[in-house]
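Here's the structure, in structure tokens; my notes come after.
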Amino acid sequence: MAETHLSGIVNTHTHEDHIGANGPLQRRYDGLEIRAHPLALPVLADPRGQQPLHLYRRVMWGWPEPSQAQSVSDGEVIGTEHHRFQVIYTPGHSLDHICLYEPERGWLFSGDLFVGGRDRALRAGYDIWEIISSLKRIAALPATKLFPGSARVRDDPTAELTAKIAYLEELGERVLALHRQGRSVRGIIRALLGGPMLIEFITLAHFSRRRLVLSYLGMNNESSY
Numbered sequence: 000m001a002e003t004h005l006s007g008i009v010n011t012h013t014h015e016d017h018i019g020a021n022g023p024l025q026r027r028y029d030g031l032e033i034r035a036h037p038l039a040l041p042v043l044a045d046p047r048g049q050q051p052l053h054l055y056r057r058v059m060w061g062w063p064e065p066s067q068a069q070s071v072s073d074g075e076v077i078g079t080e081h082h083r084f085q086v087i088y089t090p091g092h093s094l095d096h097i098c099l100y101e102p103e104r105g106w107l108f109s110g111d112l113f114v115g116g117r118d119r120a121l122r123a124g125y126d127i128w129e130i131i132s133s134l135k136r137i138a139a140l141p142a143t144k145l146f147p148g149s150a151r152v153r154d155d156p157t158a159e160l161t162a163k164i165a166y167l168e169e170l171g172e173r174v175l176a177l178h179r180q181g182r183s184v185r186g187i188i189r190a191l192l193g194g195p196m197l198i199e200f201i202t203l204a205h206f207s208r209r210r211l212v213l214s215y216l217g218m219n220n221e222s223s224y
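Counting along the sequence shown from 1, when you hit position 185 you're at 184 in numbering that gives the first Met the number 0, and nothing is skipped either side.
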């Protein structure tokens, strides 16, 4: 990036894989402005103190350096030389998660709110019902391109988001139905989510099928940072 002019950063949320470059980039570019949701600012200023990391997260990404940021809230507009981005508060994946929408181009930057595929696991602290609600909020936008935090750009955001919401809601209804019938969490997992997943072993079950079921049942309690 030696020849790149960088004037600003917007953090969609404060998970370490999204904020790790903040500190080095602020040192590299004098006056670089970082913006994030108000709930993100204490975490950015003191990652070690505000966001304890499990071992697998420390091994994979390490501790982020502290960085200084300014707050942006739901409904605010971030202007650049050529574009204006609407800030949309979208909790669920984390308490401080935001998306950015550029209405003239129809560009939607969704951070980690949208992840492709059919979820069979969830991390501790995530709120699946808030994720669904936030997905519905961005699905209502007339977006032409969806830029997730990982994987490929989506050319049909409405269809992708609608399908994702339908899958998550249907799975939730099935989880709740089995729960009402008296099934245990383990029984629900066996009935709906298949066998063990590699990510469960890597994360020591911090990311697991059990956490997904517990979230549907409103029992996936842990800091969502």
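Where a beta carbon is used, it is the ideal one built from N, C-alpha and C, also for glycine.
Residue 202 places its beta carbon 8 angstroms or farther from that of residue 92. Taking 3 residues as the shortest admissible run, the segment 13 to 82 contains the following complete beta strand (DSSP E) segments, listed from N- to C-terminal end: 32 to 35 and 76 to 78. By the 16-neighbour rule on beta-carbons within 10 angstroms, residue 200 is exposed.
Beta bridge pairing from DSSP links residue 122 with 206.
Contact annotation, residue 22 with residue 51: C-beta distance approximately 19 angstroms; criterion of less than 8 angstroms not satisfied. The Cβ atoms of residue 148 and residue 17 sit closer than 8 angstroms to each other.
CA-to-CA, the gap between residue 19 and residue 12 works out to about 11 angstroms. Ranked by Cα distance from residue 57, the options 66, 46 and 67 are led by 46. For the segment 136 to 208, the continuous alpha helix (DSSP H) assignments of 4+ residues that do not extend past its boundaries occur at 156 to 179, 184 to 191 and 197 to 201, in sequence order.
Setting aside the 5 residues that flank it on each side, residue 83 is surrounded in the same chain by 76, 77, 101, 102 and 103, each with a C-beta closer than 8 angstroms to its C-beta; the list follows chain order. Taking all protein chains shown into account, residue 195 has fewer than 16 neighbouring C-beta atoms within 10 Å of its C-beta and is therefore exposed. Non-local C-beta neighbours of residue 215 in its own chain, meaning closer than 7 angstroms and more than five positions away in sequence, comprise 127, 171, 174 and 175, ordered along the chain.
Per DSSP, residue 7 is one residue of the beta strand (DSSP E) stretching across 7 to 9. In the structure shown, the three-state DSSP call for residue 214 is helix. Residue 96 is classed as buried because its beta carbon has at least 16 other beta carbons within 10 Å across all chains shown. For residue 108, the enclosing beta strand (DSSP E) covers residues 106 to 110.
With contacts defined as CB atoms closer than 8 angstroms, residue 107 and residue 137 qualify as a contacting pair.
The residue from 2, 218 and 208 with its alpha-carbon nearest to that of residue 121 is 208.
Burial state of residue 79 is exposed, judged by a 10 Å Cβ sphere holding fewer than 16 other Cβ atoms.
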